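Q: In the working numbering, the protein residues as written are 657 to 1101. Built from N, CA and C at the ideal position, the CB exists for glycine as well. Quick caveat: nothing in here was measured; it's all calculated off a predicted structure. Pasting a structure below so you can have a look.
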């Protein structure tokens, strides 16, 4: 079976639950597409919207607006499950407050919860697991030597412009959340709905091109076969639930400082330490000052580098090892046979794959993963939790003809409807209305 057909069949299996409830999905129209497909297969679908961004991307008669305080959410959800005879809940982002409540209520009422997440193997995959993902995944208790043997993973179907659309959909989501906040007065997003957040996404696009030219001379030696030895440290998003819920680190800053101090005290004098900024944080944060200050204090200023770009697989292949909190870059490293030091809780840190070695010892005692165990674990993970699709490229779930049918005029019509919806209550300013028209009119282009 071709990879794209297998992906479609995996998603189609959700219709067997018959009565589905969708909560928050990834930024963009993905959950709306899933709902449409489930209805084609005969399932009943309802969707709860919690903010203007949810409402903008899921405008449907089946949507239910929850505009009360989170204290009211458990009772609201229990009643909804009973009335609609819900058998499965679909959500993205298991650690969001309303989703943590949903997981608890679902366990209490015997309802399945299907959790979506960005692909463990990126960029051509998405994750779909029952019960939880990442540190809550069933993979976190897997014993590689005891797993069934699966065949080689087929070459995935690739999707153009996925990263660009993800940034654009995120911009639109925050714009809609900002202008629709009067309709959802009690909602608090994990990244506040403020005008500044929208412009951070624009700044991210600018910085991407800026750093690409600025860092070319820094990255080139790292990719050179005869270049210096180095350890790679992939940073995660500062608000990542993997840091706040699955590690002992307070934030990225604490992790960075501890890593530099450990490196300075225990690594070989000829080794370099390379911090790689997360691509989705370009417009939100910059750790240059903190990294350079700590490196100077520890006497390793010339041996610590900080980059924002660079082809990660190529950097991994050249590195001596990877130090991470629990980033899925660690999984990529293991795929390339690179030793990994995990300082948080990661589903892939299984016996025989990731050595139980502390950071101080890792610089000198890193051990390559057991290839046999990793291959068995990797193939099991790919066949049971990964789907070859994209949250952000609509053709991954729909035929291109249908996608083309969503024309520019429809987008402008949707823009007017959305602006009327989000402009209710106290009238937005002229600037707000102008930005709203621009963002909504360009939705999906």
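Does the Cβ of residue 1019 have 16 or more other Cβ atoms within 10 Å, making it buried, or fewer, making it exposed?
A: Counting Cβ neighbours within 10 Å, residue 1019 comes out buried, since at least 16 surround it.
Q: For residue 1103 and residue 706, what's the separation of their Cα atoms in angstroms?
A: Residue 1103 falls outside the range modelled here, since the chain spans only 657 to 1101, and no answer is possible.
Q: List, from N- to C-terminal side, the alpha helix (DSSP H) runs of 4 residues or more that fit wholly inside the segment 699-784.
A: Entirely contained in the segment 699-784, the alpha helix (DSSP H) runs reaching 4 residues are, in chain order, 708-713, 729-740, 753-765.
Q: Out of 988, 992, 1010, 991, which has the shortest C-alpha to C-alpha gap to residue 998?
A: Checked all of 988, 992, 1010, 991; the closest Cα to residue 998 is 1010.
Q: Three-state secondary structure (DSSP) at residue 908?
A: Helix at residue 908.
Q: Residue 890 by DSSP, collapsed to three states: which one?
A: Note: residue 890 maps to strand in three-state DSSP.
Q: So what's residue 980 in DSSP terms, helix, strand or just coil?
A: Residue state, collapsed to three classes: strand.
Q: Assign residue 950 to one of three DSSP states: helix, strand, or coil.
A: In this structure, residue 950 counts as helix in the three-state DSSP scheme.
Q: For residue 1057, which three-state DSSP category applies?
A: For residue 1057, the predicted model reports a pLDDT of 44, less than 50, meaning its position is unreliable; a value from the coordinates is still stated below. Three-state result, residue 1057: helix.
Q: Who does residue 997 pair with in a DSSP beta bridge?
A: Paired residues: 979.
Q: Does the count of Cβ pairs from the segment 729-743 and the segment 755-763 closer than 8 Å reach three?
A: The segment 729-743 is in contact with the segment 755-763.
Q: Let me check understanding here. Comparing Cα to Cα, which of 784, 959, 988, 672 lies closest to residue 968?
A: Taking only the C-alpha atoms, the option nearest residue 968 is 988.
Q: Taking DSSP as the reference, what is the three-state secondary structure of residue 1031?
A: It is helical.
Q: Quick test of the definition: if touching needs 3 or more C-beta pairs under 8 Å, does the segment 1035-1048 touch the segment 781-793?
A: Contact between the segment 1035-1048 and the segment 781-793 is present, because at least three Cβ pairs lie under 8 Å.
Q: Output the residue ranges of the alpha helix (DSSP H) runs that lie fully inside the segment 921-946 and measure 4 residues or longer, sorted by chain position.
A: Whole alpha helix (DSSP H) segments, 4+ residues: zero.
Q: According to DSSP, residue 1042 sits in a beta bridge with which residue or residues?
A: Per DSSP, 783.
Q: What residues in its chain sit with their C-beta under 6 Å from that of residue 956, if we drop five residues either side in the sequence?
A: Here the set comprises 920.
Q: According to DSSP, is residue 963 part of a helix, a strand, or is it coil?
A: Three-state result, residue 963: strand.
Q: Compute the Euclidean distance between the alpha carbons of residue 692 and residue 699, then round it to the nearest angstrom.
A: Distance between the alpha carbons of residue 692 and residue 699 is about 10 Å.
Q: What is the DSSP secondary structure of residue 803, counted as helix, strand or coil?
A: Correct three-state label for residue 803: coil.
Q: If we define contact as Cβ-Cβ less than 7 Å, is residue 770 a contact residue for chain C?
A: Any reference to chain C falls outside this structure, which holds one protein chain only.
Q: Check for me: the beta strand (DSSP E) holding residue 678 runs from which residue to which?
A: Note, residue 678: beta strand (DSSP E), 675-678.
Q: Keeping to the same chain, check which residues put their C-beta closer than 8 Å to that of residue 1057; ignore five residues upstream and five downstream.
A: With a pLDDT of 44 at residue 1057, under the threshold of 50, the predicted position of this residue should be treated as unreliable, though the coordinate-derived value follows. Nothing listed; no residue qualifies.
Q: Rounding to the nearest angstrom, what Cα-Cα distance links residue 723 and residue 841 in this structure?
A: Each residue's alpha carbon lies about 7 Å from the other.
Q: Using only the alpha-carbon positions, how far apart do residue 1068 and residue 922 sit?
A: Bear in mind that the predicted position of residue 1068 carries a pLDDT of just 42, short of 50, making it unreliable; the figure below should be weighed with that in mind. Approximately 60 Å between the Cα atoms of the pair.
Q: Which residues bound the alpha helix (DSSP H) around residue 693?
A: Taken as a continuous stretch (DSSP letters only), the alpha helix (DSSP H) holding residue 693 covers 686-696.
Q: Return the Cβ separation of residue 1048 and residue 778 in integer angstroms, given the expectation that the two are a contact with Cβ distance under 8 Å.
A: Not really, about 12 Å apart at Cβ, beyond 8 Å.
Q: Drop a sphere of 10 angstroms on the beta-carbon of residue 928, count the other beta-carbons inside from all chains shown, and report buried for 16 or more, exposed for fewer.
A: When all chains shown are included, residue 928 counts as buried.
Q: Below 7 Å between beta carbons: does that hold for residue 983 and residue 890?
A: Against a cut-off of 7 Å, the Cβ pair of residue 890 and residue 983 comes out as a contact.
Q: For residue 985, tell me which candidate among 1037, 958, 888 has the shortest Cα-Cα distance.
A: Checking every option, the nearest Cα to that of residue 985 belongs to 888.
Q: Pairs of beta-carbons, one from the segment 738-750 and one from the segment 678-688, closer than 8 Å: are there three or more?
A: Touching, yes, given that three or more Cβ pairs across the two stretches are closer than 8 Å.
Q: Taking just the CA atoms, how far does residue 943 sit from residue 756?
A: The alpha-carbon atoms of residue 756 and residue 943 are separated by roughly 31 Å.
Q: Does residue 884 come out as helix, strand or coil in the three-state DSSP assignment?
A: Three-state DSSP puts residue 884 in coil, outside helix and strand.
Q: Pick from 1007, 948, 1006, 917: whose alpha carbon is nearest that of residue 1017?
A: The residue with the shortest Cα to Cα distance from residue 1017 is 917.
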